[in-house]
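K.L.:
Top line first, the protein sequences correspond to chains A and B.
Okay, so the first sequence: first residue is 217 according to my numbering, each after it adds one.
Okay, so the second sequence: first residue is 217 according to my numbering, each after it adds one.
After the structure tokens below, expect a handful of questions from me.
Number of protein chains: 2
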Amino acid sequence: MANPPTPSAAAAALPRLTQARAPLTREVEVIDEHGASGRVSIPAERDLTIYVDRRELVTLMTLGAQPELLVLGYLLNQRLIESAADVESITVDWEVGAAAVKTHAGIDRIEERTAKKVVTTGCGQGSVFGELMAGIDSLQLPDTRMTQAQLYALVNAIRLQESTYKSAGSVHGCALFTLEDGDQARMQCFVEDVGRHNAIDTIAGWIAMQAQLAGARVFYTTGRLTSEMVIKSAQMGVAIVVSRSGITQMGHEVAQRVGLCAIGRATNRRFLCFAGAQRLVLQPALAAARSVGGP
Amino acid sequence: MANPPTPSAAAAALPRLTQARAPLTREVEVIDEHGASGRVSIPAERDLTIYVDRRELVTLMTLGAQPELLVLGYLLNQRLIESAADVESITVDWEVGAAAVKTHAGIDRIEERTAKKVVTTGCGQGSVFGELMAGIDSLQLPDTRMTQAQLYALVNAIRLQESTYKSAGSVHGCALFTLEDGDQARMQCFVEDVGRHNAIDTIAGWIAMQAQLAGARVFYTTGRLTSEMVIKSAQMGVAIVVSRSGITQMGHEVAQRVGLCAIGRATNRRFLCFAGAQRLVLQPALAAARSVGGP
């Protein structure tokens, strides 16, 4: 463990991150229903073992687009660190599939805090350790409101985004938007990963590395709004989440409990607001706009 | 820990399982893009904490359709038990969200074997502990071959299946088929869950409870073919997996390594065979059959 610097120095500095890169897709041979051979792209998936101060913590399976931000966001969302300033550096080396995290002052009680496993929904059984739900009731969400026009601007930006999903499928995408004047929404960060929790963790890492980020935040995900997605959004100071997909019962319960606006089934001009409708400024005339002139 | 019975008695008996049931969906209020209120069904999601011989092991988030089979399959797929006969009983109580597993002879080195966390793809970060990849090279898959007609029969059976997905969305489905004469495929078991790993674990639990199951096995999933899905299928003695979705690089690598036939993007008459094509008896004329007369 490194010697801890003075607290003020630690608070001021953002961690140093490597810029490790790896190919996001690979081509494989396939045979289709006509018996024809061809080549298609599939998403890469690789393991990344996180070491914190030389102690092995966990192995993540990831697409690997922005591994340093993923590791930072993972530590934040698992509440193992309080801010990016707790970390001195994150060094990713794809040759060995390792991310070495060096903290300023170690992680308090790391053994104990990573001992309780909760295997969560994800599409699978996501380990979020035990502390995810802790402190949820003390979360204060910002007073964000979004117009229906801003929602449509956001969904349209996602539609136009170039992505690994379009070329190779089988990944989840998520994005952070800020709401702008003139019914606009600005995409600040777009992340894809084989695991949607990795994608949101990477967004959390990205936010933590911003000195400042003006504007109300809205989180978009292609995946379902499960309890963890809602909790992680709230932890990132996001009061509105939008999904192409639906919501689960616990996602719904947590959204209601923390007063988060949860919008699902958002494609084209359609959507369902499952919770926190007071944050959405409805403009029903916009929904009908297309029906008049086109599909 | 219970007194171990004689080995022969343990091997003969299947575990006693409760039949705990809980509602799979609930209705919630929504507001749509026209500003209209309505009610829609969303999938239930609840936590189930597994205790093995009174020791807390893990908490799963699940739809909860067949929790006892989920717990049994989870223990099997995590390789914490070798067969269902290792378990004396599984008692699920939804009032407290607990599954009490009583084994005949305890689980050897359980502390050590559940210590190594691998956070996997899923749609999330699935804890599969460390031993999933162990022993993969020693797996001997059965000599299964499937005709294209059987594949179509299977995909059609899924299309016709009543499901929580159809009523509430946001769940993954999977099914176990056996191949039959006359180009047929028989659906033996259909499971949905908020997590697709829970769904496949439940199938593994179902298989383990069958005294015998004749016929070549084919596994179907709505989710992506990730490395864990492929490994878990192989562990269940399944040599062919079919997905509505795609495949990831590690899923592809594992399928090639164990000689498993991996078919993705299977909808209607379309599919892509990503690995193990020697197990698929192509009948390209069937693919064209619809194009002639219809869409």
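Glycine is no exception: its CB is placed at the ideal position from the N, C-alpha and C atoms.
Does the CB of Asn372/B have a neighbour CB from chain A at under 8 Å?
P.N.:
By 1-based counting over the second sequence, the position of residue 372/B is 156. Not closer than 8 Å to any Cβ of chain A, the Cβ of Asn372/B fails to qualify, so no.
K.L.:
Going by C-alpha to C-alpha distance, which of Gln451/B, Leu441/B, Ser386/B, Met445/B sits closest to Arg460/B?
P.N.:
Taking the second sequence and counting its residues from 1, one reaches residue 460/B at position 244. For the residues Gln451/B, Leu441/B, Ser386/B, Met445/B, the minimum Cα distance to Arg460/B belongs to Leu441/B.
K.L.:
Give the range of the alpha helix (DSSP H) segment to which Leu230/A is assigned.
P.N.:
Residue mapping note: residue 230/A aligns to position 14 of the first sequence, counting from 1. Segment: none, Leu230/A is in no alpha helix (DSSP H) and carries neither H nor E.
K.L.:
Please work out which residues of its chain come closer than 7 Å, Cβ to Cβ, to Gly313/A, disregarding the five sequence neighbours upstream and downstream, and give them in chain order.
P.N.:
In the first sequence, counting from the first residue as 1, residue 313/A sits at position 97. Arg262, Asp263, Leu264, Thr265, listed in sequence order.
K.L.:
What residue range does the beta strand (DSSP E) around Gly254/B cover?
P.N.:
The residue labelled residue 254/B in the question sits at position 38 within the second sequence. Where Gly254/B is concerned, the enclosing beta strand (DSSP E) stretches over 253–259.
K.L.:
Look up Thr464/A in the DSSP assignment and say whether it is helix, strand or coil.
P.N.:
Position 248 of the first sequence, counted from the first residue, corresponds to residue 464/A. Of the three classes helix, strand and coil, the one that applies to Thr464/A here is coil, per DSSP.
K.L.:
Asp353/A touches chain B at which residues, Cβ-Cβ below 9 Å?
P.N.:
Residue numbering aside, residue 353/A sits at position 137 when the first sequence is read from its first letter. The premise fails here: Asp353/A is roughly 18 Å from chain B at the closest Cβ pair, so nothing lies under 9 Å.
K.L.:
May I ask you to list the residues that DSSP assigns as paired with Phe435/A?
P.N.:
Taking the first sequence and counting its residues from 1, the one referred to as residue 435/A is at position 219. Leu392/A, Val457/A, per the DSSP bridge assignment.
K.L.:
I need the boundaries of the alpha helix (DSSP H) containing Val371/A, first residue and last residue.
P.N.:
Position 155 of the first sequence, counting from 1, holds the residue named residue 371/A. From DSSP, the alpha helix (DSSP H) with Val371/A extends over 364–376.
K.L.:
At the level of alpha carbons, what is the spacing between Asn293/A and Asp409/A?
P.N.:
Translated into the one-based positions of the first sequence, residue 293/A becomes position 77. Translated into the one-based positions of the first sequence, residue 409/A becomes position 193. Going from the Cα of Asn293/A to the Cα of Asp409/A covers about 16 Å.
K.L.:
Express the C-alpha separation of Glu272/A and Tyr267/B in angstroms, rounding to a whole number.
P.N.:
Looking up residue 267/B in the second sequence gives position 51. Looking up residue 272/A in the first sequence gives position 56. About 26 Å.
K.L.:
With distances taken Cα to Cα, identify the nearest neighbour of Ala281/A among Lys318/A, Thr307/A, Leu240/A, Leu233/A.
P.N.:
Stepping through the first sequence from its first residue, residue 281/A is reached at position 65. Ranking Lys318/A, Thr307/A, Leu240/A, Leu233/A by Cα distance to Ala281/A puts Leu240/A first.
K.L.:
On the premise that Ala450/A lies in contact with Leu488/A, defined as a C-beta separation below 8 Å, what is that separation, rounded to the nearest angstrom?
P.N.:
The residue given as residue 488/A occupies position 272 in the first sequence. The residue given as residue 450/A occupies position 234 in the first sequence. Actually they are not in contact, since the Cβ atoms of Leu488/A and Ala450/A sit about 20 Å apart, beyond 8 Å.
K.L.:
By the 7 Å beta-carbon criterion, what residues does the region 470–489 of chain A contribute toward chain B?
P.N.:
If the cut-off is 7 Å between Cβ atoms, the region 470–489 of chain A has Arg485, Arg486, Phe487, Leu488, Cys489 near chain B.
K.L.:
Which residue from Val256/A, Glu284/A, Ala493/A, Ala252/A puts its Cα closest to that of Ala238/A?
P.N.:
Numbered from 1 along the first sequence, position 22 holds the residue referred to as residue 238/A. The shortest Cα separation from Ala238/A among Val256/A, Glu284/A, Ala493/A, Ala252/A belongs to Glu284/A.
K.L.:
Look at the alpha carbon of Ala229/A and the alpha carbon of Leu233/B, and state the distance between them as a whole number of angstroms.
P.N.:
Along the first sequence, one-based indexing puts residue 229/A at 13. Along the second sequence, one-based indexing puts residue 233/B at 17. Cα-Cα distance, rounded: 56 Å.
K.L.:
Against Ala503/A, what residues of chain B qualify as contacts under a CB-to-CB distance less than 9 Å, listed in chain order?
P.N.:
Within the first sequence, residue 503/A is the residue found at index 287, counting from 1. Under the 9 Å cutoff, chain B gives Asp248, Glu249, His250, Gly251.
K.L.:
So, Val434/A versus Ile419/A, is the Cβ gap smaller than 8 Å?
P.N.:
Position 218 of the first sequence, counted from the start, is the residue given in the question as residue 434/A. Position 203 of the first sequence, counted from the start, is the residue given in the question as residue 419/A. Not closer than 8 Å, so no.
K.L.:
DSSP three-state call for Gln294/B: helix, strand or coil?
P.N.:
As a working note, residue 294/B is residue 78 in the second sequence. Residue state, collapsed to three classes: coil.
K.L.:
Starting from Ser461/A, find everything on chain B with Cβ-Cβ shorter than 9 Å and list it in chain order.
P.N.:
Numbered from its first residue, the first sequence carries residue 461/A at position 245. Going along chain B in sequence order, the residues near Ser461/A (Cβ under 9 Å) are Gly385, Ser386.
K.L.:
Going by Cα to Cα distance, which pick from Val244/A, Val454/A, Arg486/A is closest to Thr464/B?
P.N.:
Along the second sequence, one-based indexing puts residue 464/B at 248. When only C-alpha atoms are compared, the closest one is Val244/A.
K.L.:
So what does DSSP say about Leu529/A, is it helix, strand or coil?
P.N.:
Residue 529/A falls outside the range modelled here, since chain A spans only 217 to 511, and no answer is possible.
K.L.:
Please report whether the beta-carbon of Glu261/B lies at a distance below 8 Å from any beta-carbon of chain A.
P.N.:
As a position in the second sequence, residue 261/B is number 45, starting the count at 1. Glu261/B counts as touching chain A.
K.L.:
CA-CA distance, Glu304/B and Thr483/B?
P.N.:
Residue numbering aside, residue 304/B sits at position 88 when the second sequence is read from its first letter. Residue numbering aside, residue 483/B sits at position 267 when the second sequence is read from its first letter. About 41 Å.
K.L.:
Does the Cβ of Leu376/A have 16 or more other Cβ atoms within 10 Å, making it buried, or fewer, making it exposed?
P.N.:
Numbered from 1 along the first sequence, position 160 holds the residue referred to as residue 376/A. Leu376/A is exposed by the Cβ-count criterion.
K.L.:
On the DSSP bridge list, what partners appear for Asp263/A?
P.N.:
Residue 263/A sits at position 47 when you count from the first residue of the first sequence. DSSP lists Met277/A as partners of Asp263/A.
K.L.:
Taking 8 Å as the threshold (C-beta atoms), are Arg495/A and Met362/A in contact?
P.N.:
Position 146 of the first sequence, counting from 1, holds the residue named residue 362/A. Position 279 of the first sequence, counting from 1, holds the residue named residue 495/A. Yes, these two residues count as a Cβ contact at 8 Å.
K.L.:
From the DSSP secondary-structure annotation, give me the bridge partner or partners of Leu488/A.
P.N.:
Numbered from its first residue, the first sequence carries residue 488/A at position 272. According to DSSP, which records beta bridges pairwise, Leu488/A is partnered with Gly480/A, Asp248/B.
K.L.:
Looking at the C-beta of Val256/A, does it have a partner C-beta in chain B at a distance below 8 Å?
P.N.:
One-based indexing of the first sequence puts residue 256/A at position 40. True, the Cβ-Cβ gap to chain B drops below 8 Å.
K.L.:
Please report the residue range of the beta strand (DSSP E) in which Ile352/A lies.
P.N.:
Here the question's residue 352/A lines up with position 136 in the first sequence. Looking at the DSSP string, Ile352/A is not in any beta strand (DSSP E), and its letter there is neither H nor E.
K.L.:
Please determine, among Gln499/B, Ala432/B, Gln426/B, Glu469/B, the residue with the shortest C-alpha to C-alpha distance to Ala301/B.
P.N.:
Residue mapping note: residue 301/B aligns to position 85 of the second sequence, counting from 1. Cα-wise, what sits closest to Ala301/B is Gln426/B.
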